[in-house]
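Engineer: Residue numbers (the UniProt record's numbering): 1 to 72.
Ideal Cβ positions, reconstructed from N, Cα and C, are used throughout, including at glycine.
(1) Pull up the CB-CB distance for residue 5 and residue 56, whole angstroms please, since I reckon it's below 8 Å.
(2) Between residue 59 and residue 46, what straight-line distance do the alpha-carbon atoms span, to the nearest angstrom?
(3) Would you report the Cα separation of residue 35 and residue 25, rounded to the nearest angstrom?
(4) Assuming residue 34 is part of the alpha helix (DSSP H), what are its boundary residues?
(5) Measure the beta-carbon distance from residue 32 to residue 63 and round it to whole angstroms, keeping in mind my assumption that it falls under 8 Å.
If you want it as structure tokens, here you go:
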């Protein structure tokens, strides 16, 4: 049986914020850490498409690893 895992936009936003807290930008530097940048792409697409959730299977391996790593 294949179970679909849906991720809410709030969960992606929280994961991005966790990475930002773990690896903050240098003073005055507006660059996100690698993990936050990886998650920013599906987050931005969800906003653009006005979607509130995404199938986790649509995330790349790197995106899923960054998401899971935020909550590890």
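Structural biologist: The short version:
(1) Counting from 1 along the chain shown, the entry for residue 5 is found at position 5. Counting from 1 along the chain shown, the entry for residue 56 is found at position 56. Cβ atoms of residue 5 and residue 56 come within 8 Å of each other, at about 4 Å.
(2) Along the chain shown, one-based indexing puts residue 59 at 59. Along the chain shown, one-based indexing puts residue 46 at 46. Near 12 Å, if we compare the C-alpha coordinates of residue 46 and residue 59.
(3) By 1-based counting over the chain shown, the position of residue 35 is 35. By 1-based counting over the chain shown, the position of residue 25 is 25. Their backbone Cα atoms lie some 12 Å apart in a straight line.
(4) Here the question's residue 34 lines up with position 34 in the chain shown. That run of the alpha helix (DSSP H) goes 34–49.
(5) On the chain shown, position 32 is the one that residue 32 refers to. On the chain shown, position 63 is the one that residue 63 refers to. Between residue 32 and residue 63, the beta carbon gap of about 14 Å keeps them out of contact (Cβ cut-off 8 Å).
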